[in-house]
Amino acid sequence: MDDIRHDKKAPLESEGINLDHDAGKLTNIDDLEVDTFYGSSTTKAYRLKSELIGKCMEDIGMGWYFIPEIRLFGKISDLTRFQWKLFVVTGFGWIVDNFASQGIGSVQPPIKQEFSGIVQVSYSSVAYYVGLILGASFWGLSSDLIGRKPAFNCTVLIAGMFLCAAAGSLNFVAFSALWAVIGTAAGGNVPVDSMIFLEFVPGSHQYLLTALSAWWNLSQLIVSLIAWVFLANFSCPTDATPETCSRSQNMGWRYTLITLGGLALAFTFIRIFVFKLPETPRYLLSQGRDQDAVDAVNHVARQNGKPEPLTIGMLREIDARLGISTNEEGETTRMSTKEIVKENMQAFRGEHYRALFATRKLARQTLIIWLIWLTVGIAYPLFFAFLPSYLATKFTETTSLYLTYRNYCITSAVGIV
52 MDDIRHDKKA PLESEGINLD HDAGKLTNID DLEVDTFYGS STTKAYRLKS
102 ELIGKCMEDI GMGWYFIPEI RLFGKISDLT RFQWKLFVVT GFGWIVDNFA
152 SQGIGSVQPP IKQEFSGIVQ VSYSSVAYYV GLILGASFWG LSSDLIGRKP
202 AFNCTVLIAG MFLCAAAGSL NFVAFSALWA VIGTAAGGNV PVDSMIFLEF
252 VPGSHQYLLT ALSAWWNLSQ LIVSLIAWVF LANFSCPTDA TPETCSRSQN
302 MGWRYTLITL GGLALAFTFI RIFVFKLPET PRYLLSQGRD QDAVDAVNHV
352 ARQNGKPEPL TIGMLREIDA RLGISTNEEG ETTRMSTKEI VKENMQAFRG
402 EHYRALFATR KLARQTLIIW LIWLTVGIAY PLFFAFLPSY LATKFTETTS
452 LYLTYRNYCI TSAVGIV
């Protein structure tokens, strides 16, 4: 937090903070319905402070779109506001996620030609999807324990490193094992990035979460273009076997994975060294680090050119109302690991599911929505995981791999539209 924090402040009285004025901003955050919903799954202090931060984000807003400004000495400054930058860097998670999902399907045909002893090349997809399940479960929970920011950076970093490592696979077992590790990273990308995006974006613009899927489709096109360049020109003939397909003749899939991994590592560099993402305020609140939470919110305000809406006095006022003591650094008692896990499991309580079937009409709509997601969840990976294999079978018997991957690019480009 050092890169976004103000100089250490004096005690409240010398800061000139008017607690009565700040308290006036707290009048509408104690919602009985919300309090009933959460029950004992989280502390009331955490919930009220979280509600207050949400209102501060609404006051800050989304800022402007891209606005170049000429400053002194002719220097051009990029005034793209914080949340629009965040929209891009969280989009990297969607891109890398699909690098893995599309990448494995693209390189499986040449893998089958080169490695001997492969019973079903799709077993590598099974390893990848097992990794996805484990990764989504692990990173979703661990981000509440170790922080959103480490998970935000580590998932893309791990995916990039192991995509490059997979290019050096010497047999199918090693290839599948590395893709399982890639899956654990890719599985955490979307949950963690979504969480971060929603914490920093005002409620009025949280619909933009669905717009992040555009990065997924762009990623699909990137993978198909890379495959068109490397797999169409540096692969064995389509009728080759492990006996006739040597490593030197079949370097295309390795070049493809190294390129995808290199892009993922470049995204990691941007996330760590270019875009200064503070830790999310709600995580900081859960750790009792109220002053750091204030600094994070006000960092966003400064990035958007808005007045700083949150003071430590406002959070201390909530503590004072609830009879909670704080130290001079603005820190309170942190939530325990048990409380954090309990809050995560709040959404899985049985009454929440029963509410989806409260009426006949609501039950019908719930089942239809579930069926749609189930169908999409089955159809999407089946279609895109085996699309390159299908195209290789149907379009290269009398033509070339060039045509195969050209058609793959066309299919991917249509997906963006």
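Going by this note's numbering, 118 is the number at position 67 of the sequence shown; the sequence numbering is gapless. No residue lacks a Cβ here, since even glycine has one placed at the ideal position from N, Cα and C.
Three-way DSSP call (helix, strand, coil) for residue i in this model
i      : result
Arg298 : coil
Arg305 : helix
Arg340 : strand
Leu260 : helix
Thr319 : helix
Met113 : coil
Gln354 : helix
Val147 : helix
Glu120 : Here Glu120 scores only 45 on pLDDT, less than 50, and its place in the model should not be relied on; the value that follows carries that caveat. Three-state result, Glu120: strand.
Ser270 : helix
Ala414 : helix
Asp370 : helix
Arg132 : coil
Leu407 : coil
Ser101 : helix
Residue i vs residue j beta-carbon contact at 8 Å
i      : j      : result
Gly144 : Val207 : yes
Ser101 : Arg333 : yes
Pro253 : Ile111 : yes
Arg305 : Ala218 : yes
Ser157 : Thr261 : no
Ser227 : Ala187 : no
Leu282 : Tyr456 : yes
Phe150 : Phe223 : no
Cys107 : Trp279 : no
Gln153 : Val274 : yes
Phe138 : Gln354 : no
Val140 : Arg372 : no
Val170 : Ile162 : no
Val345 : Leu328 : no
Leu185 : Gly142 : no
Gln164 : Ser175 : no
Asp343 : Ile363 : no
Arg199 : Val243 : yes
Met302 : Phe285 : yes
Leu335 : Ala352 : no
Ser255 : Glu109 : yes
Length of the line joining the Cα atoms of residue i and residue j
i      : j      : result
Ser264 : Gly374 : 44 Å
Cys205 : Arg415 : 41 Å
Leu214 : Gly313 : 8 Å
Tyr180 : Phe189 : 14 Å
Cys287 : Ser297 : 8 Å
Gly356 : Gly182 : 42 Å
Thr462 : Leu272 : 8 Å
Trp266 : Thr426 : 22 Å
Phe324 : Thr310 : 21 Å
Ile209 : Asp195 : 19 Å
Ile247 : Glu330 : 9 Å
Phe326 : Met212 : 20 Å
Gly105 : Ala317 : 32 Å
Lys126 : Lys136 : Model confidence at Lys126 stands at a pLDDT of 38, short of 50, so the residue's coordinates are unreliable; what they give is reported in the following sentence. One C-alpha to the other measures close to 20 Å.
Ser299 : Ala315 : 25 Å
Leu99  : Trp421 : 33 Å
Ser245 : Ile155 : 24 Å
CB contact below 8 Å: residue i versus chain C
i      : result
Val224 : Included in the structure is just one protein chain, with no chain C present.
Distance cut-off 7 Å: residue i Cβ against heavy atoms of the ligand MG
i      : result
Gly112 : Looking at this structure, you won't find the ligand MG or any other ligand, since it has none at all.
Legend entry - Contiguous beta strand (DSSP E) assignments of at least 3 residues, all confined to the region 169-234: none
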